[in-house]
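Colleague:
Protein chains: 2
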Amino acid sequence: MGVPGQPMVNMADVAERAGVGMATVSRALSGAYGVSEATRRRVSEIAHEMGYVVHPEASKLARGATGRVAVLIPQASRWFFGAVVEGIERELRRAGMDVLLYQVPDADARHGFFRDLPTRRKVDAVIVVGMPVDDTEQQALEALRVHVVSVSGRHTTFPFVRIDDVEASRQAAAHLLALGHRRIGMIEAVPPSIPEWRAEIDRSEGFRAALARAGIPLDPALTVRIPWDSEAAALAMGKLLSAPEPPTAVFVHSDEMALAAIRTVRRAGLRVPEDVSVIGIDDHPLAALTDLTTIAQPAALQGATAALMTLALIAGTPVDERVTVPTMLVPRATTAPLPR
Amino acid sequence: MGVPGQPMVNMADVAERAGVGMATVSRALSGAYGVSEATRRRVSEIAHEMGYVVHPEASKLARGATGRVAVLIPQASRWFFGAVVEGIERELRRAGMDVLLYQVPDADARHGFFRDLPTRRKVDAVIVVGMPVDDTEQQALEALRVHVVSVSGRHTTFPFVRIDDVEASRQAAAHLLALGHRRIGMIEAVPPSIPEWRAEIDRSEGFRAALARAGIPLDPALTVRIPWDSEAAALAMGKLLSAPEPPTAVFVHSDEMALAAIRTVRRAGLRVPEDVSVIGIDDHPLAALTDLTTIAQPAALQGATAALMTLALIAGTPVDERVTVPTMLVPRATTAPLPR
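Quick mapping for you: the protein sequence lines, in order, are chains A and B.
Sequence positions in the first sequence follow full-length UniProt numbering and run 1 to 340.
Sequence positions in the second sequence follow full-length UniProt numbering and run 1 to 340.
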């Protein structure tokens, strides 16, 4: 900011006082790679003491035109989106970039964001989490030369990080089959605003394919399709328990919905896992605390990977643009062998 | 952005085409209050069609110097912080402001943020969630004329939104006392990096005062002090269950830690609430799904209130700078009357 009444300090002054080159000052203050933490700290302290203000243009090249990345999520209070943002923010800030956070809960809000983007032009890239981007939106982004990376989706035309949802639900089905279950139910969830969204369709397909391969015919009475909502999952479990021949095990599309389903089982006077086994997807932090068996997906890692991908795109360096991170079974206390 | 080869479009062009005044165009594009949604949408579409780009300076007055607010949270994946951010982002964006999100997990990271702030000067305000701001940091903010609002803290020198932690723990104690419990334990948690942090101290004091008023002498064997961590809470419950005379009810400083404590009770072959009643604080979304009795605090409301306070400070309009939002008992299935 400069001390009032004193001449402005420039980068050369800071470099001289710190005994380093101007490039090092620039990299240290922009948080770019290739500067030791000790040097970064010392340069930063000297710059601060001298009242030196980085001119925004000075560090444009290293950090893109704006130094900012927009992150679009449906809702900040939901664990998965928060965990992805945790990974994104950590990696982007390490590289000296800032995160602008936007909640776009539905398609209208998403259209609004992309409609306003050209009149603002304030980010170098957009990371889109847990939602699709339609063709019109994508063309607008390309025209603006704003990079786009998708987390938790699958897009053939721009870079993505995701899990393999078909494989995740195969793992869930395989666990229940290995425990001897044959009447296996599924509570399948679809976000109401985006019925075409792949992830949930893949979760249903992976489950059905695994059962088919095990020679188990599909019983339509054992699948309940709901919007992505915990209370809906609680009701869905009630529907499954009301079937003439209820399932002995149930696969639910997320941990939060699985916990809601378990509440229904307990309220019905039945026991988990003795009467019904339940498995979710996520490894939500509360899954460990509630002893919930689940298929774990690394949420913060998906965010961190998307951030590194974004930095590479901004820098123009080559990067693997289609990353699938692994999922795995975490067996806990809500699944058990089928009683003989 | 302007179409290549064509002259730049200015705000007057957009106003003429839309048949409104320039002030309306400015307010519509900046998202300021006082413009109908229909007008906002039409002006925005016309501006987009004409390739009009808002000059960043044009809307400075309505939205502060930068149009951005920094939000500091310890960790994006934890429910409370995510829910506060949800409320903040919703209200700030409605007013046309953007949220820059920063995770500062400990005191070092916080010092780093405030050290770098002067050399960046890119926000009009900072909302600090779930952490203290020390005197040095506060003086730096005042020198920069950056507004500061605190959520989930108590500060005498700058505006805050919070719950009354003494009252919240009194409510928890009162519920257990009303159920007839007399041997009441507490798992009290302290964030290791900020031992002076008021909230947790208040939660302990409110609980102790309520027991004292009920004429119940304090038994040191019934309180376990831990860092703010679920696994630590799980171990703490084991310690309470190992006491020569274990508690019949336990108050835990958060829902997540309460669920961890319940897991320990169940693993010990005991039942909740028949053998031990457990109550938390928060009303985490999973509290409803796990039937956990708790003292609810409105997290998103605290965020929204902080955002509105921030907007008033930027605009220079009067605002209540000390807001305490209410907490309330949500009785569910983890607390029950003391068996006779």
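Each residue gets a CB set at the ideal place from its N, CA and C atoms; glycine is no exception.
1) Kindly indicate if chain B contains any beta-carbon less than 8 Å away from that of Ser59 (chain A).
2) Considering only their Cβ atoms, is the gap separating Gly206 (chain A) from Gly165 (chain A) smaller than 8 Å?
3) Could you tell me which whole alpha helix (DSSP H) segments of length 4 or greater appear in the stretch 110-190 of chain A?
4) Can you give, in chain order, each stretch of the beta strand (DSSP E) that sits fully within the stretch 232-282 of chain B and has at least 3 residues?
5) Put Leu338 (chain B) into one of helix, strand or coil per three-state DSSP.
6) Grab me the residues of Leu338 (chain A)'s own chain with a C-beta within less than 7 Å of its C-beta, minus the 5 sequence neighbours each way, in chain order.
7) Does Ala62 (chain A) pass the burial test, meaning 16 or more other C-beta atoms within 10 Å, or should it be called exposed?
8) Does Leu218 (chain B) pass the burial test, meaning 16 or more other C-beta atoms within 10 Å, or should it be called exposed?
9) How big is the Cα-Cα spacing for Arg340 (chain A) and Arg271 (chain A)?
10) So, with DSSP's three-state summary, where would you put Ala296 (chain A)?
11) Looking only at DSSP bridge pairs, what is Pro227 (chain B) linked to?
12) Going straight from the alpha carbon of Thr294 (chain A) to that of Ser169 (chain A), what length do you get?
13) Could one say the Cβ of Gly238 (chain A) lies closer than 8 Å to chain B's Cβ atoms, at least one of them?
14) Do the CB positions of Ser77 (chain A) and Ala300 (chain B) come within less than 8 Å of each other?
15) Considering only DSSP beta bridges, list what residue 343 (chain B) is partnered with.
16) Tell me the rounded alpha-carbon separation between Gly303 (chain A) and Thr327 (chain A).
17) Please compile the residues from chain A whose C-beta is within a distance smaller than 8 Å of the C-beta of Ala228 (chain B).
18) Could you tell me the alpha carbon to alpha carbon distance between Asp229 (chain B) and Ile187 (chain B), rounded to whole angstroms?
19) For Glu16 (chain B), which three-state DSSP category applies?
20) Counting contacts by CB-CB distance shorter than 8 Å, is Leu241 (chain A) in contact with chain B?
21) For the structure I just gave you, are there three or more beta carbon pairs, one from the stretch 97-104 of chain A and one from the stretch 93-113 of chain B, closer than 8 Å?
22) If you reduce the DSSP assignment to three classes, tell me which class Met97 (chain B) lands in.
23) With a cut-off of 8 Å, does the C-beta of Arg44 (chain B) fall near any C-beta of chain A?
24) Find the residues of chain B that neighbour Leu270 (chain A), judging by a C-beta separation of less than 7 Å, and give them in chain order.
25) Let me confirm a value: Glu57 (chain B) is counted as buried when at least 16 other C-beta atoms fall within 10 Å, else exposed. Which label applies?
26) Terminal residues of the continuous alpha helix (DSSP H) containing Arg322 (chain B)?
27) Let me see if you follow: with CB-CB separation under 8 Å, is Gly280 (chain A) close to chain B or not?
28) Are there three or more Cβ pairs, one per stretch, closer than 8 Å when the stretch 275-287 of chain B is compared with the stretch 311-320 of chain A?
29) Output, in chain order, the set of chain B residues within a Cβ distance shorter than 7 Å of Arg332 (chain A).
30) For the stretch 135-147 of chain B against the stretch 256-264 of chain B, do three or more pairs of beta-carbon atoms, one drawn from each stretch, fall closer than 8 Å, so that the two count as touching?
31) Val151 (chain B) to Asp13 (chain B), Cα distance in whole Å?
32) From Thr290 (chain B) to Ala333 (chain B), what distance separates their C-alpha atoms?
33) Does any residue of chain A bring its CB to less than 8 Å from the CB of His181 (chain B)?
34) DSSP state of Val330 (chain B), grouped into three classes?
35) Closer than 8 Å, Cβ to Cβ, to anything on chain B: give me those residues from the stretch 75-88 of chain A, in chain order.
36) By the DSSP assignment, the alpha helix (DSSP H) with Ile46 (chain B) in it spans what residues?
Modeller: Inspection of the coordinates gives the following:
1) On the first sequence, residue 59 (chain A) is found 59 positions in, with the first residue counted as 1. Summary for Ser59 (chain A): the model assigns pLDDT 41, below 50, so the residue's position carries little reliability, and this model does not support an answer.
2) On the first sequence, position 165 is the one that residue 165 (chain A) refers to. On the first sequence, position 206 is the one that residue 206 (chain A) refers to. What sits at residue 165 (chain A) in the sequence shown is Asp, not Gly. A contact, by the Cβ cut-off of 8 Å.
3) 135-144, 165-178
4) 249-252, 277-282
5) Taking the second sequence and counting its residues from 1, one reaches residue 338 (chain B) at position 338. It is coil, neither helix nor strand.
6) Here residue 338 (chain A) refers to the residue found at position 338 when the first sequence is read from its first residue. Contacts found: Leu179, Gly180, His181, Thr248.
7) Within the first sequence, residue 62 (chain A) is the residue found at index 62, counting from 1. Here the model assigns Ala62 (chain A) a pLDDT of 42, short of 50, so the residue's position is not dependable, and the following value carries that caveat. Label assigned to Ala62 (chain A): buried.
8) As a working note, residue 218 (chain B) is residue 218 in the second sequence. It counts as exposed.
9) Numbered from 1 along the first sequence, position 340 holds the residue referred to as residue 340 (chain A). Numbered from 1 along the first sequence, position 271 holds the residue referred to as residue 271 (chain A). Near 16 Å, if we compare the C-alpha coordinates of Arg271 (chain A) and Arg340 (chain A).
10) Reading the first sequence from its first residue, position 296 is the one you call residue 296 (chain A). Three-state result, Ala296 (chain A): strand.
11) On the second sequence, position 227 is the one that residue 227 (chain B) refers to. Bridge partners of Pro227 (chain B): B:Val190.
12) Your numbering for residue 294 (chain A) matches position 294 in the first sequence. Your numbering for residue 169 (chain A) matches position 169 in the first sequence. Thr294 (chain A) and Ser169 (chain A): Cα-Cα distance of roughly 10 Å.
13) Translated into positions along the first sequence, residue 238 (chain A) becomes position 238. No, Gly238 (chain A) does not count as interfacial toward chain B.
14) As a first step, residue 77 (chain A) must be located in the first sequence, where it is residue number 77. As a first step, residue 300 (chain B) must be located in the second sequence, where it is residue number 300. Going by C-beta atoms, Ser77 (chain A) is nearer than 8 Å to Ala300 (chain B).
15) Limits of chain B in this structure are 1 at one end and 340 at the other, which puts residue 343 (chain B) out of reach.
16) Position 303 of the first sequence, counting from 1, holds the residue named residue 303 (chain A). Position 327 of the first sequence, counting from 1, holds the residue named residue 327 (chain A). Each residue's Cα considered, the two are about 15 Å apart.
17) Taking the second sequence and counting its residues from 1, one reaches residue 228 (chain B) at position 228. Here residue 228 (chain B) is Trp; the residue named in the question, Ala, does not match the sequence. Chain A residues near Trp228 (chain B): none, gap ~13 Å exceeds 8 Å.
18) Taking the second sequence and counting its residues from 1, one reaches residue 229 (chain B) at position 229. Taking the second sequence and counting its residues from 1, one reaches residue 187 (chain B) at position 187. About 11 Å.
19) Within the second sequence, the letter at position 16 stands for residue 16 (chain B). Three-state result, Glu16 (chain B): helix.
20) Sequence index remark: in the first sequence, residue 241 (chain A) carries index 241 (1-based). Not closer than 8 Å to any Cβ of chain B, the Cβ of Leu241 (chain A) fails to qualify, so no.
21) yes
22) The residue you call residue 97 (chain B) lines up with position 97 of the second sequence. In the structure shown, Met97 (chain B) sits in coil (DSSP, three-state: anything other than H, G, I, E or B).
23) The count along the second sequence starts at 1 and reaches residue 44 (chain B) at position 44. With the sequence shown as reference, residue 44 (chain B) is identified as Ser, and Arg is not the correct amino acid for it. It does; some Cβ of chain A falls within 8 Å.
24) Along the first sequence, read from residue 1 onward, the residue named residue 270 (chain A) stands at position 270. Correct list: empty, because the minimum Cβ distance to chain B is about 15 Å.
25) Locating residue 57 (chain B) in the second sequence gives position 57, counting from the first residue. Note that Glu57 (chain B) has pLDDT 40, beneath the 50 cutoff, so the model's placement of it is unreliable and the number below is only indicative. Its Cβ having fewer than 16 others within 10 Å, Glu57 (chain B) is exposed.
26) Locating residue 322 (chain B) in the second sequence gives position 322, counting from the first residue. Segment 322-325 is the beta strand (DSSP E) holding Arg322 (chain B); no alpha helix (DSSP H) there.
27) In the first sequence, residue 280 (chain A) corresponds to position 280, counting from 1. No, no contact with chain B.
28) no
29) Mapped onto the first sequence, residue 332 (chain A) falls at position 332. The premise fails here: Arg332 (chain A) is roughly 10 Å from chain B at the closest Cβ pair, so nothing lies under 7 Å.
30) no
31) Here residue 151 (chain B) refers to the residue found at position 151 of the second sequence. Here residue 13 (chain B) refers to the residue found at position 13 of the second sequence. Near 43 Å, if we compare the C-alpha coordinates of Asp13 (chain B) and Val151 (chain B).
32) Translated into the one-based positions of the second sequence, residue 290 (chain B) becomes position 290. Translated into the one-based positions of the second sequence, residue 333 (chain B) becomes position 333. Each residue's alpha carbon lies about 9 Å from the other.
33) The count along the second sequence starts at 1 and reaches residue 181 (chain B) at position 181. Answer no: the Cβ-Cβ gap between His181 (chain B) and chain A never drops below 8 Å.
34) Looking up residue 330 (chain B) in the second sequence gives position 330. Strand at Val330 (chain B).
35) Gln75, Ala76, Ser77, Arg78, Trp79, Phe81, Gly82, Ala83, Val85, Glu86
36) Taking the first residue of the second sequence as position 1, residue 46 (chain B) is located at position 46. Segment 37-50, the alpha helix (DSSP H) holding Ile46 (chain B).
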